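Structure first, then comments.
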Amino acid sequence: MRATSTTTESFDAVVIGGGHNGLTCAGYLARAGRKVAVVERRHIVGGACVTEEFHPGFRNSSCAYLVGLLAPEVIRDLELGRHGLEILERQGGTLSVLPDGGHFELLADTEAVKAQLPSPDAAAYEELSGLLDRTAMVMRAIARERAPDIAGGWGDMFQALRAGRHLRRLPASDRADFAALMFKSLGDFLDERFEHEAFKGLYGVKGLVGNMTSPYAAGSAYVLLHHVFGEVNGKRGKWGQPRGGMGAITQAMQRSLEARGGTVYLGQAVREIIVEKGRAGGVVLEDGRTLRAPTVASGINPKLLFLKLLDPGLLDTRFRRRIEAWRCRSGTFRMNVALSELPDFLARPGIDVQRHHRGTIMIAPSLPYLEQASDDARRNGWSKKPVISMCLPTTIDPSLAPEGRHIAGLFCQHFNPVLPEGRSWRDHRDEVAKLVIDTIGEYAPNFPGAVLGYRALTPLDLEEEYGLVGGDIFHGEMHLDQLFSLRPAAEAADYTTPLEGLFLCGSGAHPGGGVTGLPGWNAARTILGRRRRKRRHPIEPATASFRTSTNT
Numbered sequence: 007m008r009a010t011s012t013t014t015e016s017f018d019a020v021v022i023g024g025g026h027n028g029l030t031c032a033g034y035l036a037r038a039g040r041k042v043a044v045v046e047r048r049h050i051v052g053g054a055c056v057t058e059e060f061h062p063g064f065r066n067s068s069c070a071y072l073v074g075l076l077a078p079e080v081i082r083d084l085e086l087g088r089h090g091l092e093i094l095e096r097q098g099g100t101l102s103v104l105p106d107g108g109h110f111e112l113l114a115d116t117e118a119v120k121a122q123l124p125s126p127d128a129a130a131y132e133e134l135s136g137l138l139d140r141t142a143m144v145m146r147a148i149a150r151e152r153a154p155d156i157a158g159g160w161g162d163m164f165q166a167l168r169a170g171r172h173l174r175r176l177p178a179s180d181r182a183d184f185a186a187l188m189f190k191s192l193g194d195f196l197d198e199r200f201e202h203e204a205f206k207g208l209y210g211v212k213g214l215v216g217n218m219t220s221p222y223a224a225g226s227a228y229v230l231l232h233h234v235f236g237e238v239n240g241k242r243g244k245w246g247q248p249r250g251g252m253g254a255i256t257q258a259m260q261r262s263l264e265a266r267g268g269t270v271y272l273g274q275a276v277r278e279i280i281v282e283k284g285r286a287g288g289v290v291l292e293d294g295r296t297l298r299a300p301t302v303a304s305g306i307n308p309k310l311l312f313l314k315l316l317d318p319g320l321l322d323t324r325f326r327r328r329i330e331a332w333r334c335r336s337g338t339f340r341m342n343v344a345l346s347e348l349p350d351f352l353a354r355p356g357i358d359v360q361r362h363h364r365g366t367i368m369i370a371p372s373l374p375y376l377e378q379a380s381d382d383a384r385r386n387g388w389s390k391k392p393v394i395s396m397c398l399p400t401t402i403d404p405s406l407a408p409e410g411r412h413i414a415g416l417f418c419q420h421f422n423p424v425l426p427e428g429r430s431w432r433d434h435r436d437e438v439a440k441l442v443i444d445t446i447g448e449y450a451p452n453f454p455g456a457v458l459g460y461r462a463l464t465p466l467d468l469e470e471e472y473g474l475v476g477g478d479i480f481h482g483e484m485h486l487d488q489l490f491s492l493r494p495a496a497e498a499a500d501y502t503t504p505l506e507g508l509f510l511c512g513s514g515a516h517p518g519g520g521v522t523g524l525p526g527w528n529a530a531r532t533i534l535g536r537r538r539r540k541r542r543h544p545i546e547p548a549t550a551s552f553r554t555s556t557n558t
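If you're matching positions, the sequence shown starts at 7 in my numbering and goes up one per residue.
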């Protein structure tokens, strides 16, 4: 039995969840001179942005697997480079391998992509590339704004006008296409402009990442927009790989926080949020320890926060109903595979490192293939022909595996978090893992025989191990009714909540999922802004000594 503690400690702020957004929020608060504690349930910080050993001698990013959306402001302000973060730029593009042995390759070189397309599609691609480049500027700006409370006052009205001002930066000729990307299905958007099936399949995946839906579902084009506003090392639209895996980001964040006096509690879950006189007053840990603080910020899924850590009687009936209806379902099946050699693709033969090995290899040959995968998952639990995105991180960072060996990181869709007929993912994990391996074998015949071991994470594993409710990597579906001023509810869209002193700083808040750090950054600015407005009743900074605790 775990021993209980009656220890009480005091902080200016406590952050629930040591994922990258929680650490970002805590880092900015500490940077502003606040005494901050982060409480993480697992034995390591990072949440879904973590590097772990999955087979003896092989380690890789467990969930999140590429960096490209992490805000440069966060990297700069938290001095992550000084604390060990090094982002390696990926030189390869995205290779779509096809059932007939052919391929289509998406590269940064627009002319090289156009050369693979028929003339009308080539012109449409140039047009689309320009649209996405211009739209990305608007999305970057909106992602850095506080979402206005639609039930708020004049301040929120002006905040809405600020967001609208960013939209006005788009040329008038782009605004109809921007609206189409916001509201239409990605399938319809692509079908209107292109004929090339492999191209549409590849771009279709961009709108389905972590989104268990058909490419022809209304609003599915938005996720494409969400993934275009990133940059790596100052280069827009690039994707990279941290040396040491995605956990290198959150490890650097932890070191940055601790260098500013922050405290990180590992192996400790929050049992409940303290509420006194109608406001948050800290948290109680599972071992009984109390952390007092006038500010509590949550980086965990809104369902876990409001439905597990708070007394239901504290929430307005309508607000509670909205949180209960918050949809969390991403259809992700994540695998890390230890390999004796690189995949030898029929489309690009050879096991020596080639350009495509340093990029992403995609099995998504057409929009009908994506639609069938969605239909299979909805009816039967998982797609018979899964959509697979493969990265080979050891071609860029060999330190992740023994010399001469490799790792395949697989992000697979669609896999329903709720299996029909009451079946459990615990009984089907290895069956589905074999399906994924065999599917890759149809395109790279040496792949099944090169497998030395693997770790597979079903939607259930993602929920139980990493706190991703419904296996949802975004902490809530990125659909139009769960974005901006409705994320996660109208009463909690501006990082505040109906409970005074309790704030949201995770992906369940604007601008949503992905390793951006923006929800944490925006939340910290909101918290510090409210503190400045309340200086007539300042909270004295705490002066107790700081430490990192791993006490379980």
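Each residue gets a CB set at the ideal place from its N, CA and C atoms; glycine is no exception. Fair warning: this is a prediction, and the values are worked out from it, not measured in the lab.
- For the options Val475, Gln360, Asp487, Thr296, the alpha carbon positioned closest to that of Ser336 is the one of Val475.
- Within its own chain, the residues whose Cβ lies closer than 8 Å to the Cβ of Pro248, once the five positions on either side in sequence are excluded, are Val73, Leu91, Glu92, Ile93, Leu94, Ala254, Ile255, listed in chain order.
- Assigned with DSSP and collapsed to three states, Glu111 falls in strand.
- Under the three-pair Cβ rule at 8 Å, the segment 346-359 does not count as touching the segment 489-508.
- Here the segment 405-415 does not lie against the segment 424-437, with fewer than 3 beta-carbon pairs under 8 Å apart.
- A straight line joining the alpha-carbon of Ala265 with that of Tyr71 spans about 27 Å.
- Contact annotation, Trp245 with Pro494: C-beta distance approximately 28 Å; criterion of less than 8 Å not satisfied.
- Secondary structure at Arg65: strand, using DSSP grouped into helix, strand and coil.
- The segment 416-424 makes contact with the segment 379-387, as at least three CB pairs between them are under 8 Å.
- When beta bridges are read from the DSSP output, His412 appears opposite Leu345.
- Assignment of Phe200 by DSSP, reduced to helix, strand and coil, places it in the coil class.
- Each residue's CA atom was taken as its position, placing Arg361 and Ala303 some 43 Å apart.
- When the beta-carbon positions are compared, Leu376 and Pro517 stay at least 8 Å from each other.
- In this structure, the straight-line span from the alpha carbon of Cys55 to that of Ile367 is close to 21 Å.
- Going by DSSP, Gln257 is part of the alpha helix (DSSP H) stretching over 253-265.
- Phe205 sits away from Leu76, with the two beta carbons spaced by 8 Å or more.
- Within the model, the alpha-carbon separation for Phe189 versus Gly136 is close to 20 Å.
- Partner residues in the beta bridge of Gly459, as assigned by DSSP, are Ala344.
- Residues of the same chain with a CB within less than 6 Å of the CB of Leu316, apart from the 5 flanking positions on each side, are Ile279 in chain order.
- Bridge partners of Gly52 according to DSSP: Gly25.
- Per the C-alpha coordinates, the member of Leu524, Asp180, Ala299, Val211 positioned closest to Ile369 is Val211.
- The Cβ-Cβ distance between Pro308 and Ile446 does not fall below 8 Å.
- For the options Gly207, Glu470, Thr57, Cys69, the alpha carbon positioned closest to that of Gly216 is the one of Cys69.
- Contact between Gly98 and Gly365 holds: CB atoms are separated by about 2 Å, below the 8 Å threshold.
- Note: Cys418 is bridge-paired with Phe339, Ile394 in the DSSP secondary-structure output.
- In the three-state scheme derived from DSSP, where H, G and I count as helix and E and B as strand, Thr464 is classed as coil.
- Distance between Cys511 and Thr532, taken at the CA atoms: about 10 Å.
- Using a 10 angstroms sphere on the CB of Leu398, the tally of other CB atoms reaches 16 or more, which defines it as buried.
- The segment 45-65 makes contact with the segment 256-276, as at least three CB pairs between them are under 8 Å.
- Distance from the CA of Tyr472 to the CA of Gly53, rounded to the nearest whole angstrom, comes to 6 Å.
- If you ignore the 5 residues before and after Leu458, its C-beta comes within less than 7 Å of the C-beta of His61, Ala344, Leu345, Ser346, all in its own chain and listed in chain order.
- Between Ala43 and Leu310, the C-beta gap is not smaller than 8 Å, which leaves the two residues out of contact.
- In the structure shown, Trp388 adopts extended strand secondary structure according to DSSP, grouped into three states.
- The residue from Val20, Ala38, Asn66 with its alpha-carbon nearest to that of Ile413 is Asn66.
- As the crow flies, the alpha-carbon of Asp197 is around 41 Å from that of Glu58.
- The residue among Leu534, Arg536, Asn528 with its C-alpha nearest the C-alpha of Ala147 is Asn528.
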